[in-house]
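Here's the structure, in structure tokens; my notes come after.
There are 4 protein chains.
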Amino acid sequence: MTKSHTAESATLTGVIPPVCTPLNPDFSVDTASLVRLVDHLVDGGVDGLFVLGSTSEVAYLTDGQRRTVLDTVVGHVAGQVPVLAGVIDMTTPRVLEHARVAIEAGATGLVATAPFYTRTHPEEIRTHFRTLAARTGLPVYAYDLPVSVHVKLDAGLVLDLAAEGALAGVKDSSGDESGLRRVIMGRQAPFSVLTGSEVTVDSALWMGADGVVPGLGNVDPQGYAELYRCAARGDWEAARAEQERLARLFEIVRVGGARMGGSSAGLGAFKAALHLRGVIDCPITALPQIPLNDDEVGRIGKLLAGAGLL
Amino acid sequence: MTKSHTAESATLTGVIPPVCTPLNPDFSVDTASLVRLVDHLVDGGVDGLFVLGSTSEVAYLTDGQRRTVLDTVVGHVAGQVPVLAGVIDMTTPRVLEHARVAIEAGATGLVATAPFYTRTHPEEIRTHFRTLAARTGLPVYAYDLPVSVHVKLDAGLVLDLAAEGALAGVKDSSGDESGLRRVIMGRQAPFSVLTGSEVTVDSALWMGADGVVPGLGNVDPQGYAELYRCAARGDWEAARAEQERLARLFEIVRVGGARMGGSSAGLGAFKAALHLRGVIDCPITALPQIPLNDDEVGRIGKLLAGAGLL
Amino acid sequence: MTKSHTAESATLTGVIPPVCTPLNPDFSVDTASLVRLVDHLVDGGVDGLFVLGSTSEVAYLTDGQRRTVLDTVVGHVAGQVPVLAGVIDMTTPRVLEHARVAIEAGATGLVATAPFYTRTHPEEIRTHFRTLAARTGLPVYAYDLPVSVHVKLDAGLVLDLAAEGALAGVKDSSGDESGLRRVIMGRQAPFSVLTGSEVTVDSALWMGADGVVPGLGNVDPQGYAELYRCAARGDWEAARAEQERLARLFEIVRVGGARMGGSSAGLGAFKAALHLRGVIDCPITALPQIPLNDDEVGRIGKLLAGAGLL
Amino acid sequence: MTKSHTAESATLTGVIPPVCTPLNPDFSVDTASLVRLVDHLVDGGVDGLFVLGSTSEVAYLTDGQRRTVLDTVVGHVAGQVPVLAGVIDMTTPRVLEHARVAIEAGATGLVATAPFYTRTHPEEIRTHFRTLAARTGLPVYAYDLPVSVHVKLDAGLVLDLAAEGALAGVKDSSGDESGLRRVIMGRQAPFSVLTGSEVTVDSALWMGADGVVPGLGNVDPQGYAELYRCAARGDWEAARAEQERLARLFEIVRVGGARMGGSSAGLGAFKAALHLRGVIDCPITALPQIPLNDDEVGRIGKLLAGAGLL
């Protein structure tokens, strides 16, 4: 296990979108749409999949639904690409329960945040990740998402945990590119640095990041795959042009505006776009999120058309 | 159900401590100690119990452990006092799962926070509580805990939900006594306003609050029961003197200081005190909390002695 | 100086409203209205005045305007009651400049926040207040206003500074009544604890606070004076009734709602009420605050009428 | 005026370091050292100077000291490079006072934050910048510094103000590279986008930023000038290498660590480095900042040596 762990963590690069979770009108998981979405992503050229992350509405899915998603995606992918599983919960014991399920389902790696809801401390965050690594045997990726967790992972702590082997990588959705660079410059290989940004992927790759986990990659996987390939072959001008096209497309997440929460606006936009593109059957989001209205969906359609996706 | 709901919510008053969850050295729930703790509280004169709240380390308990706690406490209490159950999770669907278990176990009412981890919105919080009320049939108490949830429940929203019957009460641990007063003055009976403060109970009762949910009540239930009785009979001088004694005792939560998170320091202190008083067998707290050391436990002992509890 | 310092700080009790700064339509200080406002307050029975606090729009006043306010108020009061002067600025050297002006003008004491704008530290806050005390020779009151300063003054630090004589008191506008009680219980006399709350004055006095600095006291000084007198003579029921009347009146600060900042809504409401009551000539607030519109002023008028003030 | 305004704002590019303010042991401004620092920067190849920014300890300087700095620098520079002046204060009227002084002193442009200390609103921020532009006649640059101002300038608002001519540019020290890109992509020329980051300059320039305002540029102006020239001629590999060298040097700001505030650690490190390099006579920082100790200064010396600067 340790050997394959190292091998895997060393090779986690490229585009690994956080997979949306299509729902039926009764809020159950729409596995048929989920399978189509997986095909849409894999056919689009992505290098891995991340299920049960924030973009997957993991915070809204019951444990049963989480298991359905895992079984559906891991089963359908059948080893074509790595499948990382989010194990998002408040503290170590609850995260370990999700990890057990993910391991049984055959996930390639685990993605965990620092503790949340509790008032935590850097030394407790250290213990948390160490415990996850020691008890699961799978590569653990730290998910740095201060907007949800209300703690920023310190670059020094991430580098410590990388050096001792407790972390195989980091998914940095903090928006703090200075901290991202500090981790990139300070890490010892192999340690995968993945940006969670949709709009600074070219610059993150330029700094030395290994890959990207873009929610918008659900909508346009080819775009991010192309962006990554351009960067990989050193054609940075083309990478930037593609990134700028995708940045304009990313305006879809602002359509919902101030009448709903940021999660509703972002996840709702991704699902509306997937529905407009014919990938999923129903754009519904889980409760208590506020749905986009017809006018808003229309504006998303126009942004999609502007990006050449409709 | 609706009838008993109204009856129950109308009568939720007094001291309802959030019950600590004793753990064995292997981190499993120590049900024998839990039963002793329940007896300690009920014999101490409390008016109800709140299990699976923050003080219960609910954020650290697996679903199996949560069920064990519920079954143990509801079973042992056997109707002597109401038992409220925390249904703490990120969003409506996950909270509803916990609610189902709590209802099966026989809880008297449910205590839920606003959504967390997700980026939410007041209208989503409204939908959240409405949905919980409509689907569970039990009285729902809003748990206002910005230090964990990172959202303050607006007094106007709480009053709206009270007026339409979606909320049976609020447990206000926000520390915002102005907001507390706004709810007290604005509510229409029956709506239970409970303060989560350990040290401003006399003043909250003075303003018109119905009761208190003090974590420190685990350590000294007689103290809070006495404080409540003094206030209830209008002997405010005696209530204040008792409150001041308890406020001095509350210094135990500051012993852990800056070398650990606030949860570790607070919950660790309550458990250390319960252990020193002989109520529970083991003072251990769940991972990844940092344990108090011998020196710190010694200082807690001195504070207990100073309060006449050792 | 030290002697009178001690004497003064020992006796600072009662109602000390933060005095609004009336402006002319060209945004200059309307000294005639300011004098009328001072008379309105002193005749209303207040025990002191606090000029150049947040309610005085100190953040908006130029240094010249601050001096005009000081000279006008100190000159007109002529020793009838103590006049505290806010010395609100980012750091020690700038605060000392304001202090020099306040001392020249004859202020009785100084009110200073922790440093803001800079990223500060508890030991720097300690140095800040120590330096102010050492260099000014006047009683220094700490102004705890996290909503503006983005730091909460720690009760332990306040008590340290009180014990060493660097602070003569605290104006607690943090809304954290637990911290307020900790200071009240931990202080050694003489140290004035003043609450900045408009709606929990009875409970703060009940806990042992010495006085109150209510922005709403501009509008209804008699109300707060009556509340304080009731409490002072032990008639707590009457104090509560008066407090509840004032709490209903305080709803005027919510009229502006979400279309403006909290400062605009609060300060605008106080000034609109003073204008409606005939105390000041013009309700204008300083730039870039958004003015209340006619409808909003009308609603403030109704709340005034409801409180028996129109 | 409008014509030269446009011309100037169109040409603000390159390296514009925020100039430290050397102090004498008695905390007065050390103008001789300041002149040497200006020469060090101009000789080092910078394209402009920004005085009275956060790195200049503007929050700690009295109005008299601010004027001394302005007169000294503008006088000495004598038009060789543009000199931007920070006009940092809480609200519009106070900022306008600083602007008046800066205009008299001959500053080329003004740098202003959103209002702080007050509880503000986007529409008030809009009025604030509009008023500054209308009343000063100089190019106004928005200073986006949430760590001090506790408000993030919204990209949409910045673009609105740019489109209407109220803003000539933005200095983005928010660390939010997604927002930076949104402004870069959305602006209409001429509008100068300057990053305040020390460690992501190559990527900001890559995205299309016009320049950089690096505090660390005080210590190594040649480094940033070289970085900018590499980028300007399209040699991005060399730009990245230089950036990475500077990023390692930037570790000096972490030497002070948790025993002081972030301002003390950062500003203290810059001044210690300038003192070690022989540019300024005394490394003292203004009160109430905590000074670096000998051991810490020694570690800064080692980092300087490692960067080839000692």
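Residue numbers (our numbering), protein chains in the order written: chain A, 2 to 311; chain B, 2 to 311; chain C, 2 to 311; chain D, 2 to 311.
No residue lacks a Cβ here, since even glycine has one placed at the ideal position from N, Cα and C.
Between the Cα of Gly224/C and the Cα atoms of Ser55/C, Leu146/C, Ala240/C, which residue gives the shortest distance? Residue numbering aside, residue 224/C sits at position 223 when the third sequence is read from its first letter. Here the closest residue by C-alpha is Ala240/C.
If the cut is a Cβ gap below 7 Å, which residues of chain A does Thr56/D touch? Here residue 56/D refers to the residue found at position 55 when the fourth sequence is read from its first residue. Here the premise fails: no neighbours, minimum Cβ distance about 16 Å.
For the segment 84-105 of chain A, list every residue whose C-beta sits within 9 Å of some C-beta in chain F, in sequence order. Absent here is chain F; the protein component of the structure consists of chains A, B, C and D.
Quick one: list the residues of chain A neighbouring Arg120/D, beta-carbon separation under 8 Å, in chain order. By one-based count along the fourth sequence, residue 120/D stands at place 119. Within 8 Å Cβ-Cβ: nothing; Arg120/D doesn't reach chain A, min ~18 Å.
Segment limits, beta strand (DSSP E) that includes Asp1/B: Within the shown structure, residues of chain B are numbered from 2 to 311, placing residue 1/B beyond reach of any answer.
Interface residues of chain A facing Phe117/B [CB-CB closer than 7 Å]: As a first step, residue 117/B must be located in the second sequence, where it is residue number 116. Result: Tyr118.
For Ser175/B and Leu71/C, the rounded distance between their alpha carbons: The count along the third sequence starts at 1 and reaches residue 71/C at position 70. The count along the second sequence starts at 1 and reaches residue 175/B at position 174. Taking C-alpha positions only, Leu71/C is separated from Ser175/B by approximately 38 Å.
Exposed or buried, which one is Asn219/D when buried takes at least 16 other CB atoms within 10 Å? As a working mapping, residue 219/D is identified with position 218 in the fourth sequence. Its Cβ being crowded by 16 or more others within 10 Å, Asn219/D is buried.
Mind pulling the chain A residues with CB within less than 9 Å of Val1/B? One cannot answer for residue 1/B here, as it falls past the ends of chain B, which runs 2 to 311.
At the level of alpha carbons, what is the spacing between Gly74/D and Glu245/D? Start at 1 with the first residue of the fourth sequence, and residue 74/D comes out as number 73. Start at 1 with the first residue of the fourth sequence, and residue 245/D comes out as number 244. In the sequence on display, residue 74/D carries Val and not Gly. Whole-angstrom Cα-Cα distance: 30 Å.
What are the residues of the segment 278-296 of chain A that lie near chain B, defined by any Cβ-Cβ distance shorter than 7 Å? Within the segment 278-296 of chain A, the residues whose Cβ lies closer than 7 Å to some Cβ of chain B are Ala287, Leu288, Pro289, Gln290, Ile291, listed in chain order.
Could you tell me the boundaries of the alpha helix (DSSP H) in which Tyr118/D lies? One-based indexing of the fourth sequence puts residue 118/D at position 117. Element bounds for Tyr118/D: n/a, residue is neither H nor E.
Which residues in the same chain have their Cβ closer than 7 Å to the Cβ of Lys4/B, if we skip the five residues on either side of it in sequence? Within the second sequence, numbered from 1, the residue matching residue 4/B stands at position 3. With a pLDDT of only 33 at Lys4/B, under 50, the local geometry of the prediction cannot be trusted, and the value read off the model is given with reservation. Within the same chain, Lys4/B has no close Cβ partners at all.
Going by C-alpha distance, which of His41/A, Asp236/A, Thr56/A is nearest Glu312/A? Residue 312/A lies beyond the stretch modelled for chain A, which goes from 2 to 311, so this question has no answer here.
Would you call Ser265/B buried or exposed, if buried means 16 or more other Cβ atoms sit within 10 Å of its Cβ? Stepping through the second sequence from its first residue, residue 265/B is reached at position 264. Ser265/B is buried by the Cβ-count criterion.
Considering only their Cβ atoms, is the gap separating Trp207/B from Asp203/C smaller than 9 Å? Looking up residue 203/C in the third sequence gives position 202. Looking up residue 207/B in the second sequence gives position 206. At the C-beta level, Asp203/C and Trp207/B come within 9 Å of one another.
What whole-angstrom Cβ distance do Ile301/A and Met261/A have, given they're in contact under 8 Å? Translated into positions along the first sequence, residue 301/A becomes position 300. Translated into positions along the first sequence, residue 261/A becomes position 260. That pair is no contact at about 14 Å.
If you draw a straight line from the C-alpha of Leu160/B to the C-alpha of Thr92/B, how long is it? Taking the second sequence and counting its residues from 1, the one referred to as residue 160/B is at position 159. Taking the second sequence and counting its residues from 1, the one referred to as residue 92/B is at position 91. When rounded, the separation of the alpha-carbon atoms in Leu160/B and Thr92/B is 21 Å.
Indicate the three-state DSSP secondary structure (helix, strand or coil) for Ser10/A in the structure shown. Locating residue 10/A in the first sequence gives position 9, where the first residue counts as 1. Low confidence applies to Ser10/A: its pLDDT is 44, below 50, so where it sits in the model is not reliable, and the reading given next is rough at best. Ser10/A: helix per DSSP, three-state reduction.
Output the boundary residues of the alpha helix (DSSP H) element that contains Leu275/B. Reading the second sequence from its first residue, position 274 is the one you call residue 275/B. Run containing Leu275/B: 263-277, per the alpha helix (DSSP H) assignment.
Could you tell me which whole alpha helix (DSSP H) segments of length 4 or greater appear in the segment 208-247 of chain D? With a minimum length of 4 residues, the continuous alpha helix (DSSP H) runs that stay inside the segment 208-247 of chain D are 222-233.
Opposite Ala110/C in the DSSP bridges: which residues? Counted from its first residue, the third sequence places residue 110/C at position 109. Inspection of the sequence shows that residue 110/C is occupied by Gly rather than by Ala. Listed as beta-bridge partners of Gly110/C by DSSP are Leu85/C.
I'd like the span of the beta strand (DSSP E) that includes Thr196/A, first residue to last. Locating residue 196/A in the first sequence gives position 195, counting from the first residue. Here the beta strand (DSSP E) through Thr196/A covers 193-196.
Cβ of Ala60/D within 9 Å of Cβ of Arg95/C? If you number the fourth sequence from 1, residue 60/D lands on position 59. If you number the third sequence from 1, residue 95/C lands on position 94. In terms of Cβ geometry, Ala60/D and Arg95/C form a close pair [threshold 9 Å].
Listing by chain order, which chain B residues have their CB less than 9 Å from the CB of Thr63/A? In the first sequence, counting from the first residue as 1, residue 63/A sits at position 62. What Thr63/A touches in chain B: Pro94, Arg95, Leu97, Glu98.
Quick check: what's the CA-CA separation for Gly69/D versus Thr63/C? In the fourth sequence, residue 69/D corresponds to position 68, counting from 1. In the third sequence, residue 63/C corresponds to position 62, counting from 1. Before going further, note that residue 69/D is Thr rather than Gly in the sequence given. Taking C-alpha positions only, Thr69/D is separated from Thr63/C by approximately 20 Å.
Can you give me the Cβ contacts of Met2/C inside the same chain, cut-off strictly under 7 Å, excluding the 5 residues immediately before and after it? Residue 2/C sits at position 1 when you count from the first residue of the third sequence. Summary for Met2/C: the model assigns pLDDT 28, below 50, so the residue's position carries little reliability; its value from the coordinates is reported in the next sentence. Once the five neighbours on either side are set aside, the close Cβ partners of Met2/C are Gly138.
When DSSP labels each residue in this structure, what does Gly15/A get in the three-state scheme? Within the first sequence, numbered from 1, the residue matching residue 15/A stands at position 14. Secondary structure at Gly15/A: strand, using DSSP grouped into helix, strand and coil.
Excluding five sequence neighbours on each side, which residues of the same chain lie with their C-beta closer than 8 Å to the C-beta of Ile285/C? Residue 285/C sits at position 284 when you count from the first residue of the third sequence. If you ignore the 5 residues before and after Ile285/C, its C-beta comes within less than 8 Å of the C-beta of Leu24, Asn25, Pro26, Phe28, Lys272, Pro292, all in its own chain and listed in chain order.
Check Val280/C in the structure and name its three-state DSSP category. Residue numbering aside, residue 280/C sits at position 279 when the third sequence is read from its first letter. Coil.
Exposed or buried, Ala8/C, counting other C-beta atoms within 10 Å across all chains shown (16 or more means buried)? Numbered from its first residue, the third sequence carries residue 8/C at position 7. Low confidence applies to Ala8/C: its pLDDT is 40, below 50, so where it sits in the model is not reliable, and the reading given next is rough at best. Ala8/C should be labelled exposed.
Can you name the residues of chain A whose CB is closer than 8 Å to the CB of Gly218/D? Reading the fourth sequence from its first residue, position 217 is the one you call residue 218/D. What Gly218/D touches in chain A: nothing, since even the nearest Cβ is about 16 Å away.
With Val148/B and Thr121/B assumed to form a contact (beta carbons below 8 Å), what rounded beta-carbon distance in angstroms separates them? Numbered from its first residue, the second sequence carries residue 148/B at position 147. Numbered from its first residue, the second sequence carries residue 121/B at position 120. 16 Å between Cβ atoms; not a contact.
For the alpha helix (DSSP H) containing Asp64/A, name the first residue and the last one. Stepping through the first sequence from its first residue, residue 64/A is reached at position 63. Start and end: 64-78.
If we count the other Cβ atoms within 10 Å of its Cβ and call it buried at 16 or more, is Gly299/A buried or exposed? Here residue 299/A refers to the residue found at position 298 of the first sequence. Exposed.
Min CB distance Arg182/D to chain A below 9 Å: Counting from one through the fourth sequence, the residue named residue 182/D turns up at place 181. For Arg182/D, the nearest beta carbon of chain A is closer than 9 Å to its own beta carbon.
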